[in-house]
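The structure appears right after this line, and notes come after that.
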Amino acid sequence: MNDVSKKDIYSTSVRTKPNTFIGGVAGSINSKDLLAQKLAISVSRIKMFRIVNLDVEATIIGTYGIPSNCFIDNANLKHFIDKDRNVDILQNGSFVNCQNLSVLELYGLKSFSGGGLTKISNTKLTQLYFPELISISGNGSITNNSLLKKFDAPVATTWPNNSYTLAQNPALELVNIPKIQMIGNSSNRAGQHLFASGKVNSCVYNVGIGCATSDNGGIDVNLLYVINSRGATVNFIP
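So for the sequence shown, the numbering used here puts the first residue at 3; every next one is plus one.
Printed below as a string of structure tokens:
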């Protein structure tokens, strides 16, 4: 696969436009069957498959979740783009230690699943935009992304009580979660969810107005942490 030309080397149903673009993985995912196996879907749902250079392009019908450990430790993965918003769930380990992943477009994502393990970590991502995400959950769900500058989940309403959910992302400049009224849901969460996140003296958090009084009438303890320890600016959105 090292000498693949810019032309398609394998293609089916060229009349169908692709809606799924997976960069850099054609060396290991070079057929419809292998893609179906990787995504844990029926091969009949893949209506078009082709390889361009080292990238996979496909047309996938219907919604699906990214399975547990789907791309874990995959240094070849460069991008995953879901044009038709078919991906609705991320399972544990979905994009963990994907050191060259720079683009992740999952605009139909609605929730993280599996609770206790990381979903997105050690990537080259600079922004994450999840316009339909409702629930932000999981221990260390989005962590150790050293280049991540923006996390935007404008309609998310639920942040369950896990630990280090959006932690150790030191370059963050904007966290937009204006519907979140409490970060976590117990007294054991002080500072954990946002630990070591946010560019020092430069990060802005847009959160729901409820966060201003969510701790016995006081500001959410995680937000107090980023204010006092990271110099963050917090805007409480009515």
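Think of the CB as a built atom: it goes at the ideal place given N, C-alpha and C, for glycine as much as any other residue.
- If only complete runs of 3 or more residues are kept, the region 162–233 shows the beta strand (DSSP E) at 176–179 and 206–210, in order along the chain.
- The three-state reading of DSSP puts Q129 in strand, counting E and B together.
- For the pair V228 and M184, the Cα-to-Cα distance works out to about 15 Å.
- Around S104, the same chain offers K80, H81, T125, K126, L127 and T128 as residues with beta carbons nearer than 8 Å, after the five sequence neighbours per side are excluded.
- Ranked by Cα distance from V202, the options I239, K151 and N76 are led by K151.
- DSSP places K152 within a strand segment (E or B) once states are collapsed to three.
- Counting only unbroken stretches of 3 or more residues, the beta strand (DSSP E) elements lying wholly within the region 37–87 are 48–54, 57–62, 66–68 and 81–84, in sequence order.
- In terms of Cβ geometry, L92 and K121 form a close pair [threshold 9 Å].
- Within the DSSP secondary-structure output, T120 pairs in no beta bridge.
- Here L149 is exposed. Its C-beta has fewer than 16 other C-beta atoms within 10 Å.
- Per DSSP, the continuous beta strand (DSSP E) segment holding N237 begins and ends at T235 to I239.
- The alpha-carbon separation between N21 and E134 amounts to approximately 18 Å.
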